[in-house]
Amino acid sequence: NYVVVDIQWINPNLITLFSFITAIISVLFIIAGGTLNFIIAAILIHLSHVLDCMDGQMARYRKTSSLSGSFFDKLTDQIQVIIWFGSVGYAAYSQSQNVLPVFLAFAGVAFYSIRGYVKYVAIYTEMSKDSGYLEKVSKETLHVKKKETAGLGYGVLANFRWFMSVQKKFFAFDEGVFIFMLSLALVIDKLTPMLWVFVISQLVHGLARGWQRGRQISRNQTIINEQYSMPRK
């Protein structure tokens, strides 16, 4: 990013496009099959992820962030998850002639989509009762970010504590973990075991996220009801 950030003809949306094209090319190598093609695909997946991280950073650095850019970035991220795991399911099927990997890939992507779906359903539900819900959440998120105690201005111990605290994010099985899982599975040619990990992790997180959102909505509704039931002076 340091090299290209000041090259004016390269903009965040173009980097998003490059990232998406790279992801599509990696899918073609996965479908082609074979050890060498799998290794090339793993490298391309990492390159696509690097580019995906660059577009937002460049937009913030240049102060050119846009709603449309954010939308297309998230849209291509979702499509990449679908085509990556779909192609791995196909490659595993081609190797074993067993339809199970295809089912695992489909189920994993479906459960992954539930994680995002429950978030937006929860937002819609909360805002139907409280139009200022998103503003409150944004303020709370900003307050949490201000509490971060790591970086160049802090000591080695503080940075080490921060580093250890964020390692638990690995078990969130989000996009960064997907990149690692996909690449490792392709390099060592263990596609079906990786798909099992994918589908189980997304099932657990999808159900857990739905339960958490539902509980939060219930608590918020209880607070609102108590406020309305309090006698007014």
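If you're matching positions, the sequence shown starts at 1 in our numbering and goes up one per residue.
Backbone N, C-alpha and C fix where the C-beta goes; we use that ideal spot for every residue, glycine too.
Check	Outcome
Report the residue from Ile25, Lys190, Ala105 and Asp55 whose alpha carbon sits nearest the alpha carbon of Leu14.	Asp55
Within 8 Å, do at least three Cβ pairs link the segment 106-114 to the segment 63-75?	no
Does the Cβ of Val99 have 16 or more other Cβ atoms within 10 Å, making it buried, or fewer, making it exposed?	exposed
Helix, strand or coil for Thr192? Go by DSSP, reduced to three states.	helix
Using a Cβ-Cβ cutoff of less than 6 Å, which residues in the same chain neighbour Arg213 once the five nearest sequence positions on both sides are dropped?	Val118 and Ala122
Consider the Cβ of Leu195: report whether some Cβ of chain B lies at a distance smaller than 8 Å.	Going by chain labels, chain B is absent from the structure shown, which holds only one protein chain.
Does the count of Cβ pairs from the segment 11-25 and the segment 38-52 closer than 8 Å reach three?	yes
How about Gly33 and Ala105: do their beta carbons lie closer than 8 Å?	no
Give me the Cα-Cα distance between Ile30 and Pro193, rounded to the nearest whole angstrom.	16 Å
Tell whether a beta-carbon distance below 8 Å holds between Ile45 and Trp84.	yes
For Ile39, tell me which candidate among Lys136, Gln202, Ile82 and Leu191 has the shortest Cα-Cα distance.	Leu191
What's the gap between the Cα of Ile24 and the Cα of Gln221?	44 Å
Is the beta carbon of Val88 closer than 8 Å to that of Leu182?	yes
Is the Cβ-Cβ distance between Phe178 and Val81 less than 8 Å?	yes
Three-state secondary structure (DSSP) at Thr64?	coil
For the alpha helix (DSSP H) that Val99 lies in, which residues bound it at each end?	Taken as a continuous stretch (DSSP letters only), Val99 belongs to no alpha helix (DSSP H), as it is neither H nor E.
Name the residue from Ile79, Ile200 and Arg209 whose alpha carbon lies nearest to the alpha carbon of Tyr120.	Arg209
Given that a residue counts as buried once 16 or more other Cβ atoms are within 10 Å of its Cβ, and exposed if not, what is Phe198?	buried
Tell me whether the beta-carbon of Val187 lies closer than 8 Å to the beta-carbon of Ala59.	no
Taking all protein chains shown into account, do 16 or more other C-beta atoms lie within 10 angstroms of the C-beta of Leu157, making it buried, or fewer, making it exposed?	exposed
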